[in-house]
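*Asks:* This is the structure I have questions about; it appears just below.
In the working numbering, the protein residues as written are 27 to 564.
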C-alpha cells in the first residue's frame, strides 16, 4: 500500500490544461505510477482479507473487524507518525515503512497458503499492515510539495486522487477473480510484491538537502507542539467535527459489504470484488466531475449533498436483493465518498502552515481512521445482535441526522489564509549568548489601550491567544494594570530558548494581520513594548 490516506484532490478545481503537467517531473511521474501499482495491491488485500474472514468465521463482528483492524492503528499512531515525518528524512522513513509492510504482506500470504491462518492471526497481521500505513501516511501526504513546483501542486494532488481511485477500481476486480480461481493467499502475495516499485523509486530519488539554522525538533517536543496546534486551531476543529459525523456512520457500508454479498443468491468473491471496483469507478468519475461542482457550490454544501447521497446508499444496501441493482448504488457511493473525502482533505491541508502540516494532517487522519475503526466495530456488533439490515438503516439515519447538526461547523476555503512565514518578528535581544535548552522563556508585551477601546481589545486578543498557542506557547495570559488602567500586559511562555526561536519562524502572514488588528487599538506613542525573560541556567 503506497499510503493509507495520500493527498486527495485539494486541487480538484485546477485548470484542465494543467491537469497532467506534474507528470513532467520525473520523480513525481514514477512515484505516481508506482503508487498506483501499490494501491492496486492494497485493494487486493482488502478483498482477500475480507473474503477470507467470511470463510474462517460467519460472525458479522469478526468480518467487520477486518476493516477495523486496518484502520485502528492510525488512531494510535497518526500523531507520532506526523511528528516523525516533520523531523526526520522522509525519504528514508518511507523506505523503511514500505519494507516493513512488504514483509508483513508476505507473512500473511505464507500463513494462508500453508493453512495456518486463523481469525485472530488475520486480524493481527491486518493490524500490522495498518500500523505501517499509519506510520507512512503523514509523510506521504506531506511529500508532494517537494516533488512539484507550487503552481502545479493542486494538479499533482488531483492526479494522486485519480491514481488512488484507478487502483480502487482495478484492484478489487482483479482480487475477486484471483480469490475465486487461486485463493486469498495469492492476493496477499501480490500485495507484497506491489511495494517494490515505491521502494525502488524512493531509493533512487536524491532528495534536496534541507538547510536548517536551528536543531531539529525532538520527538516528544514535536508531539506536544502538534497537539498544541491542533487544540488552538478552530478551523481544524471544524474539519474534525464534520469528518467524525460522516465516517462513523459511513463505515457501515464497506464494513458489512462482504457479509451482504455472501447473503445474496448469486454472491461470491468475484461479485464482492466487482462491487468494490464499482466504488472505485464511481470515485474516478466523481473526481473528474468535482471541479465543475466546486464552481457552483461551497465545500459545506457539497459535503451535505454527498452525505445525503451516501445515506441513501446505506438504505439501498440494506434493502436491495439483487447484485445488478447494487451496481449503480456502488457507483454512486464512490462518487459521494470522493466528494466528501477530498473536501475534508483540502480543508485539513489548508489550515496548517508547512512546519506543522504533517502533524495537522495526522490529526485529521486520526479522526478519519478512528471513526472508521470505531464505526465498523460498532455496526458489526449491531449486525450481530440484530441484523445487517438494521445496522445499515440505523447508520443511514445517523448520517442523515448529522447533516443539520454539523452545519454550523464551516470549512475553511483553500487559500483563505496566507500561511507562509511572515518573518516580521525582529530577533530577540540578548546581551549574552543563551543556550538553546535554557528555559522557560517568558515574553511580555505592553499595550496602551484607551478605556473606550478596552472591550474591543480584549475580544481581539482572543485570536492572539490562539495564535500564540498554535505557534508553540505553552501558556498565555492578559492583565490590566490596576494603577494605570490604560496599561495592559500580555504574556506568553515558550518551553525553551530554541522553542522561542522556532516560534519566531512559525508566525505566518495571516498571524501578522491578526497582530496588526490589535496594534491598531494601541494608542501609545511607540510600538507595544516587548521584553524577553529566560529561566535561570540549570
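The C-beta atom is built at its ideal place from N, Cα and C for all residues, glycine as well.
Model, not experiment: these values are computed from the prediction.
Just the C-alpha distance for residue 353 and residue 155, rounded to the nearest angstrom, thanks.
*Replies:* Distance between the alpha carbons of residue 353 and residue 155 is about 29 Å.
*Asks:* By how many angstroms is the C-alpha of residue 473 removed from the C-alpha of residue 513?
*Replies:* Straight-line Cα distance between these residues: approximately 6 Å.
*Asks:* Cα separation between residue 182 and residue 319?
*Replies:* Rounded to whole angstroms, residue 182 to residue 319 spans 19 Å at the Cα level.
*Asks:* Can the beta-carbon of residue 231 be found closer than 8 Å to that of residue 524?
*Replies:* No; because the gap between Cβ atoms is not below 8 Å, this pair is not in contact.
*Asks:* Looking only at its chain, what residues have a beta carbon closer than 6 Å to the beta carbon of residue 564, apart from the 5 residues adjacent to it on each side?
*Replies:* Contacts found: none.
*Asks:* Please report the Cβ distance between residue 561 and residue 466, rounded to the nearest whole angstrom; I am assuming they are in contact, meaning their Cβ atoms lie under 8 Å.
*Replies:* About 5 Å separates the two Cβ atoms, so the contact holds.
*Asks:* Hey, would you say residue 324 sits closer than 8 Å to residue 224, going by beta carbons?
*Replies:* Their beta carbons are not under 8 Å apart, which means residue 324 does not touch residue 224 by this criterion.
*Asks:* So, is residue 48 buried or exposed, given that buried needs 16 or more other C-beta atoms within 10 angstroms?
*Replies:* Under this definition residue 48 is a buried residue.
*Asks:* Would DSSP call residue 506 helix, strand or coil?
*Replies:* Note: residue 506 maps to strand in three-state DSSP.
*Asks:* Cβ-heavy atom distance between residue 403 and the ligand NAD below 7 Å?
*Replies:* Annotation note on the ligand NAD: not contained in the displayed structure, which lists no ligands.
*Asks:* For residue 447, does the three-state DSSP call read helix, strand or coil?
*Replies:* Note: residue 447 maps to strand in three-state DSSP.
*Asks:* So what's residue 206 in DSSP terms, helix, strand or just coil?
*Replies:* DSSP places residue 206 in helix when its eight states are reduced to three.
*Asks:* Given residue 233, which residues of its chain have a CB within under 8 Å of its CB, disregarding the five upstream and five downstream residues?
*Replies:* Taken in chain order, the residues that qualify are 115, 116, 117, 172.
*Asks:* Going by the beta-carbon positions, is the gap between residue 363 and residue 90 smaller than 8 Å?
*Replies:* No, these two residues do not count as a Cβ contact at 8 Å.
*Asks:* Among 149, 108, 187, 110, which one has its Cα closest to the Cα of residue 314?
*Replies:* Answer by Cα proximity: 187.
*Asks:* Short of 8 Å in beta carbon distance, which residues of its chain neighbour residue 545, apart from the five on each side in sequence? Order them along the chain.
*Replies:* Correct list, in chain order: 553, 554.
*Asks:* Should residue 499 go down as buried or exposed, given a rule of 16 or more other Cβ atoms within 10 Å for buried?
*Replies:* Buried, because 16 or more other Cβ atoms sit within 10 Å of the Cβ of residue 499.
*Asks:* Which runs of the beta strand (DSSP E), 3 residues or longer, sit entirely within the segment 458 to 490?
*Replies:* The segment 458 to 490 contains these whole beta strand (DSSP E) runs: 467 to 474.
*Asks:* Just to confirm my understanding: we take residue 55, look at its own chain, exclude 5 residues before and 5 after, and list those with CB closer than 7 Å. What are they?
*Replies:* Excluding positions up to five away in sequence, the list reads 49.
*Asks:* In or out: residue 309 buried (at least 16 other Cβ within 10 Å) or exposed?
*Replies:* It is buried - the Cβ of residue 309 has at least 16 other Cβ atoms within 10 Å.
*Asks:* So residue 508 and residue 445 are in contact, right, with Cβ under 8 Å, and what is the actual spacing, rounded?
*Replies:* Rounded, the Cβ-Cβ distance is 39 Å, inconsistent with contact.
*Asks:* If you drop the 5 nearest sequence neighbours on each side, which residues of the same chain put their C-beta closer than 7 Å to that of residue 31?
*Replies:* In this predicted model, residue 31 has a pLDDT of only 34, less than 50, meaning its place in the structure is not dependable enough to derive any value.
*Asks:* Check each candidate in 457, 383, 265 and name the one with the smallest Cα separation from residue 366.
*Replies:* Checked all of 457, 383, 265; the closest Cα to residue 366 is 265.
*Asks:* Could you check which residue in 477, 481, 494, 338 has the C-alpha nearest to that of residue 423?
*Replies:* Comparing Cα-Cα distances from residue 423 to each of 477, 481, 494, 338, the minimum goes to 338.
*Asks:* Please go through the same chain and pick out, in chain order, the residues whose beta-carbon is closer than 6 Å to the beta-carbon of residue 288, but skip the five residues on each side of it.
*Replies:* Hits under 6 Å: 80.
*Asks:* Can you find the residues in the same chain that come closer than 7 Å, C-beta to C-beta, to residue 625, ignoring five residues on each side of it along the sequence?
*Replies:* Only positions 27 to 564 of the chain appear in this structure, which leaves residue 625 out of reach.
*Asks:* Run the CB neighbour count on residue 71, radius 10 Å, all protein chains shown included, and call it buried at 16 or more, exposed below.
*Replies:* Buried, since its Cβ has 16 or more Cβ neighbours within 10 Å.
*Asks:* Would residue 335 and residue 303 be called neighbours here (beta carbons separated by less than 8 Å)?
*Replies:* Not a contact, by the Cβ cut-off of 8 Å.
*Asks:* Got a sec? Which residues, its chain only, sit under 6 Å from residue 504 by beta carbon, not counting five neighbours each side?
*Replies:* Here the set comprises 487, 516.
*Asks:* For residue 514, which three-state DSSP category applies?
*Replies:* If DSSP states are grouped into helix, strand and coil, residue 514 belongs with the strands.
*Asks:* Three-state secondary structure (DSSP) at residue 434?
*Replies:* Three-state DSSP puts residue 434 in coil, outside helix and strand.
*Asks:* According to DSSP, is residue 559 helix, strand or coil?
*Replies:* Strand at residue 559.
*Asks:* Our contact map puts residue 74 next to residue 213 with C-beta atoms below 8 Å; I'd like the distance itself, whole angstroms only.
*Replies:* That pair is a contact at about 3 Å.
*Asks:* With burial defined as no fewer than 16 other Cβ atoms inside 10 Å of the residue's Cβ, what is the status of residue 350: buried or exposed?
*Replies:* Flag for residue 350 reads exposed.
*Asks:* Residue 519 bridges to which residues according to DSSP?
*Replies:* Beta-bridge pairing links residue 519 to 468, 501.
*Asks:* Output yes or no for whether 8 Å exceeds the beta carbon distance between residue 382 and residue 251.
*Replies:* Yes.
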